[in-house]
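S.K.: The sequence shown finishes on residue 651 if you use my numbering, and the numbering steps up by one all the way, no holes.
No residue lacks a Cβ here, since even glycine has one placed at the ideal position from N, Cα and C.
As the structure is a prediction and not an experimental result, all values here were calculated from the model.
Got a structure for you, written out below as structure tokens; questions coming shortly.
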Amino acid sequence: MSSVNSTLSERSALLGDVHDGAERGEVRVKQVAQDIAQSQVQSSRLARIKYYLPFTAWLPNYSVSLLGGDFLAGISVACILVPQSISYATSLARLSPLAGLFSASIPGIIYALLGSSRQLSVAPEASLSLLIGQVIQDTLHADPHEHPKNPEAISMAVATITMFQAGLFMFLLGLFRLGFIDVLLSRALLTGFVTALGVVISIEQFIPMLGLTDLEHAFNPQTTFDKFVFLIRNAATHEHRPTTLISFIALAVLVGFRLIKARFRKHWFIGRLPELLIVVIASTALCRHYAWDKLGVSILGSVPINNEDGSFVHFPLHKSTLKYMKSTTTTAVLMAIIGYLDSIVSAKQNAVRFGYSISPNRELVALGAANIVGSFIPGLVPAAGSLTRSRINADSGGRSQMASLICSALVLLSTFFLLPALYFLPRCILGSVVFLVVFTIVAEAPHEVSYFWRMRSWTDLGLMLITFITTLLFNIEIGIVCSIICSLLLVVHKSSRPRLTILGRIPGTTRWKPVTDTPEAKEDVQGTLIVRLRDNLNFERLRRLELYGLQPSHPSDAPRREQASVIVFHLADLDDCDASAAQIFYELLESYKTRDVAVFITHLRPAMFLIFERAGIVELLGNDAFYEDVAAAMSRIEMVELMAARQRQ
3 MSSVNSTLSE
13 RSALLGDVHD
23 GAERGEVRVK
33 QVAQDIAQSQ
43 VQSSRLARIK
53 YYLPFTAWLP
63 NYSVSLLGGD
73 FLAGISVACI
83 LVPQSISYAT
93 SLARLSPLAG
103 LFSASIPGII
113 YALLGSSRQL
123 SVAPEASLSL
133 LIGQVIQDTL
143 HADPHEHPKN
153 PEAISMAVAT
163 ITMFQAGLFM
173 FLLGLFRLGF
183 IDVLLSRALL
193 TGFVTALGVV
203 ISIEQFIPML
213 GLTDLEHAFN
223 PQTTFDKFVF
233 LIRNAATHEH
243 RPTTLISFIA
253 LAVLVGFRLI
263 KARFRKHWFI
273 GRLPELLIVV
283 IASTALCRHY
293 AWDKLGVSIL
303 GSVPINNEDG
313 SFVHFPLHKS
323 TLKYMKSTTT
333 TAVLMAIIGY
343 LDSIVSAKQN
353 AVRFGYSISP
363 NRELVALGAA
373 NIVGSFIPGL
383 VPAAGSLTRS
393 RINADSGGRS
403 QMASLICSAL
413 VLLSTFFLLP
423 ALYFLPRCIL
433 GSVVFLVVFT
443 IVAEAPHEVS
453 YFWRMRSWTD
463 LGLMLITFIT
473 TLLFNIEIGI
483 VCSIICSLLL
493 VVHKSSRPRL
503 TILGRIPGTT
513 RWKPVTDTPE
523 AKEDVQGTLI
533 VRLRDNLNFE
543 RLRRLELYGL
553 QPSHPSDAPR
563 REQASVIVFH
573 LADLDDCDAS
583 AAQIFYELLE
593 SYKTRDVAVF
603 ITHLRPAMFL
613 IFERAGIVEL
623 LGNDAFYEDV
633 AAAMSRIEMV
643 ELMAARQRQ
């Protein structure tokens, strides 16, 4: 008996151990599952952090092997950016050289940390600088008695609030995932705008290049046409000869550099010569040695770097800036759109070239943040990406955002240490620099025009012409607004035209094919129209299709087809239908029933059937109007026709 009890106790203990082991195994499995789930959550969080803060992905994993190329690219772009940003700020934006230099460094640093493009160079652009200059001039002329002794304060306030609004608008576009707007605006629009902008800037730069700046202030021409007339009347009689000679000799040297670099592009040293910086330094040295300023040549002069309160950073929204918010909002919105379009074109080209992907929404957020942060330094120029600088960055070896950080650091060093050395820089040289850059941009327009002409794309040519003429005759804001409206109207017009196809039966089969693509397909049942919709619901053209078919027709033409007594809708391609479209379809079906037209619907997806049921379409037509395919519907129609024929007999 004791042995039996011992055996039972051993078995009980063994079962207990097995039960405990099973429980421990179950606990272990649950722990492993929890660890895996937690690891997946952490991985997902890390992926999201890398998406929203791209520098957390590339900076910790940065390879030292890339540093040489990035450093060379940073130096190459900085050599171009320093004279270019000074030129844009002084010649186009009518601001201090500091505005251009800080705009070429601070936004570039922010973008390098938040942007998804590895080669994009974010700095002042000619179009944005010109827009800032125009809105500043309009503000000064609108209220000439405010702060008459300190117009610089007004200029800085206007530039600050405009940059902040442009950055905020970009940021919001990215936040609401509207980065697709670049595909809505036509390439012809951009070509027409850039070409007109080049003409506007060229006319603007001829004035300082001819030494007519003081005379311009006396006459104060407003529009581009007025400035063109001003140049025609005064270029030959009032031009300042030393300034003119210096300007056009510098321009000739710059063009010569470009030709030499194009001719010997295989030699890497010649290809990387910073011609802009060379001309700026050489002209400064010559001006100082030969005292060109005593001949009446306007020079850059002293540029104070320290602010009165000793601080560079100020909150952009305060009393002196908010009063200009309303008058600058339209310009800021346009600047945001133009800056984004310029940037995304360059970013996509480099992404394709080097085999990585970019996020348009992240680009908008990064550009917006860069300009918002830049607006905390008063009086800067809005920054955007440049196709030319980004190409130089890539060609010079830039393979990561580190090149932009290096470039921005070099520009900051130049701001504090190089700018005082440019005291004797002739201002007309800055006009020559801008003129050369703009000429390079405009030189691409003939190729675009010839392409559209060769393709017989009269719509694109018309849109380009509208943009070009309105920008020249009025101003940049009106030109870009008109062209954007025209472009969006074209997009809406194309999207509102449904792709409708009339189907016919291939003889001897139960297959139905488009009559336009398949010659043997015939509409063998008279009075029956079989329509296939190849995109989402839009039924405005169905009546014309019923009377005229697919061939182009004028509203005054007589109907080519008999009115249909039976209509079959092939809706296999429909995957969505909003409430408005369903309502339009319901009203259309009601009109068919009023005319005693039989309606059948085939290939309808279950989700679409539910939508039609909610809209009352199923109740209106009845369940017997819905068939699986066209063949089943046609069998029903032919049977009804046969029964009707027998009754008539």
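For phenylalanine 173 versus glycine 357, is the C-beta spacing smaller than 8 Å?
M.R.: Taking 8 Å as the Cβ cut-off, phenylalanine 173 and glycine 357 do not qualify as a contacting pair.
S.K.: If you count every other CB in all the chains shown that lies within 10 Å of the CB of tyrosine 326, and 16 or more means buried, which is it?
M.R.: Under this definition tyrosine 326 is a buried residue.
S.K.: Can you tell which of Ile272, Cys488 and Ala238 has the C-alpha that lies nearest to the C-alpha of lysine 263?
M.R.: Cα-wise, what sits closest to lysine 263 is Ile272.
S.K.: With the cut-off set at 8 Å, would you say arginine 513 and histidine 572 are in Cβ contact?
M.R.: Taking 8 Å as the Cβ cut-off, arginine 513 and histidine 572 do not qualify as a contacting pair.
S.K.: Considering only residues of the stretch 171-220, which uninterrupted alpha helix (DSSP H) runs meet the minimum length of 4 residues and lie entirely inside it, listed in chain order?
M.R.: Within the stretch 171-220, the complete alpha helix (DSSP H) runs of at least 4 residues are 183-186 and 189-211.
S.K.: How about the stretch 209-221 and the stretch 479-496: do they share at least three Cβ pairs that are nearer than 8 Å?
M.R.: Cβ pair count under 8 Å is below three, so no.
S.K.: By DSSP's criteria, phenylalanine 571 is part of a beta bridge. Which residues make up the other side?
M.R.: Phenylalanine 571 is bridged to Val533 and Ile603.
S.K.: Taking the Cβ atom as the reference point for each residue, do alanine 252 and isoleucine 431 lie within a distance shorter than 8 Å?
M.R.: The answer is yes: Cβ separation under 8 Å.
S.K.: Ordered along the chain, which non-local residues of its own chain (more than five positions away) have a Cβ less than 6 Å from that of arginine 179?
M.R.: If we look at arginine 179 and ignore the five residues flanking it on each side, its Cβ neighbours are Asn363.
S.K.: Are the beta-carbon atoms of isoleucine 248 and isoleucine 482 separated by less than 8 Å?
M.R.: No, these two residues do not count as a Cβ contact at 8 Å.
S.K.: Could you tell me how far apart the beta carbons of isoleucine 301 and phenylalanine 426 are, in whole angstroms, since I believe they sit closer than 8 Å?
M.R.: Contact holds; Cβ gap of about 5 Å.
S.K.: In whole angstroms, what separates the C-alpha of alanine 65 from that of alanine 368?
M.R.: The sequence shown places serine at residue 65, not alanine. Answer to the nearest angstrom: the Cα atoms are 23 Å apart.
S.K.: Quick check on the DSSP output: the beta strand (DSSP E) that includes tryptophan 294 runs from which residue to which?
M.R.: Element bounds for tryptophan 294: n/a, residue is neither H nor E.
S.K.: To which residues of the same chain is valine 632 closer than 8 Å at the C-beta, ignoring the five residues directly before and after it?
M.R.: Here the set comprises Leu505, Trp514, Ile532, Val570, His572, Thr604 and His605.
S.K.: Which first and last residues belong to the alpha helix (DSSP H) in which isoleucine 134 is found?
M.R.: Its alpha helix (DSSP H) spans residues 128-144.
S.K.: Can you give, in chain order, each stretch of the alpha helix (DSSP H) that sits fully within the stretch 248-281 and has at least 4 residues?
M.R.: As far as the stretch 248-281 is concerned, its whole alpha helix (DSSP H) runs of at least 4 residues are 270-273.
S.K.: Buried or exposed for tyrosine 292, going by 16 or more other Cβ atoms inside 10 Å?
M.R.: When all chains shown are included, tyrosine 292 counts as exposed.
S.K.: Please state the DSSP three-state secondary structure of phenylalanine 418.
M.R.: If DSSP states are grouped into helix, strand and coil, phenylalanine 418 belongs with the helices.
S.K.: Output the distance between the C-alpha atoms of asparagine 236 and arginine 243, rounded to the nearest integer angstrom.
M.R.: Looking at the two C-alpha atoms, the distance is approximately 13 Å.
S.K.: Checking the sheet assignment: what are the DSSP bridge partners for leucine 502?
M.R.: According to DSSP, which records beta bridges pairwise, leucine 502 is partnered with Leu535.
S.K.: Quick check: what's the CA-CA separation for arginine 616 versus methionine 636?
M.R.: Those two C-alpha atoms are separated by around 27 Å.
S.K.: With H, G and I counted as helix, E and B as strand and the rest as coil, what does DSSP make of proline 516?
M.R.: Strand at proline 516.
S.K.: Write down every uninterrupted run of the alpha helix (DSSP H) in the stretch 75-135 whose length is 4 residues or greater and which is fully enclosed by it, in chain order.
M.R.: DSSP runs (the alpha helix (DSSP H)) wholly in the stretch 75-135: 99-105 and 108-116.
S.K.: In the structure shown, what three-state DSSP assignment does arginine 458 receive?
M.R.: It is coil, neither helix nor strand.
S.K.: Assuming alanine 106 and proline 126 form a contact by the criterion Cβ under 8 Å, report the distance between their Cβ atoms to the nearest whole angstrom.
M.R.: Indeed they touch by this definition, with Cβ atoms about 6 Å apart.
S.K.: In chain order, what residues of the same chain have a beta carbon less than 6 Å from the beta carbon of phenylalanine 227, not counting five sequence neighbours either side?
M.R.: Taken in chain order, the list of residues that qualify is empty.
S.K.: Below 8 Å on the Cβ atoms is my contact criterion, and I expect valine 436 with isoleucine 203 to pass it. Report the Cβ-Cβ distance as a whole number of Å.
M.R.: Contact flag correct, Cβ pair sits at about 6 Å.
S.K.: Helix, strand or coil: how does DSSP classify histidine 149 here?
M.R.: Note that histidine 149 scores a pLDDT of 49, beneath 50, so its modelled location is shaky; the value from the coordinates is reported in the next line. The answer is coil: DSSP assigns histidine 149 none of H, G, I, E or B.
S.K.: Pick helix, strand or coil for arginine 355, following the three-state DSSP scheme.
M.R.: Arginine 355 falls in the helix class under three-state DSSP.
S.K.: Going by DSSP, what residue range makes up the alpha helix (DSSP H) through alanine 445?
M.R.: It is not in any alpha helix (DSSP H) - alanine 445 carries neither H nor E in the DSSP assignment.
S.K.: Consult DSSP for proline 223 and reduce its assignment to one of helix, strand or coil.
M.R.: The answer is coil: DSSP assigns proline 223 none of H, G, I, E or B.
S.K.: List the residues that DSSP assigns as beta-bridge partners of proline 318.
M.R.: Looking at the DSSP assignment, proline 318 forms no beta bridge with any residue, so it has no partner.
S.K.: So leucine 623 packs on valine 601, CB below 8 Å; how close in whole Å?
M.R.: Between valine 601 and leucine 623 the Cβ distance is about 6 Å, and since that is below 8 Å, they are a contact.
S.K.: In chain order, what residues of the same chain have a beta carbon less than 7 Å from the beta carbon of leucine 412, not counting five sequence neighbours either side?
M.R.: Result list for leucine 412: Gly76, Ile77 and Ala80, in chain order.
S.K.: So, with DSSP's three-state summary, where would you put proline 608?
M.R.: Helix, per DSSP.
S.K.: Quick check on DSSP: helix, strand or coil for leucine 464?
M.R.: The sequence shown places glycine at residue 464, not leucine. DSSP places glycine 464 in helix when its eight states are reduced to three.
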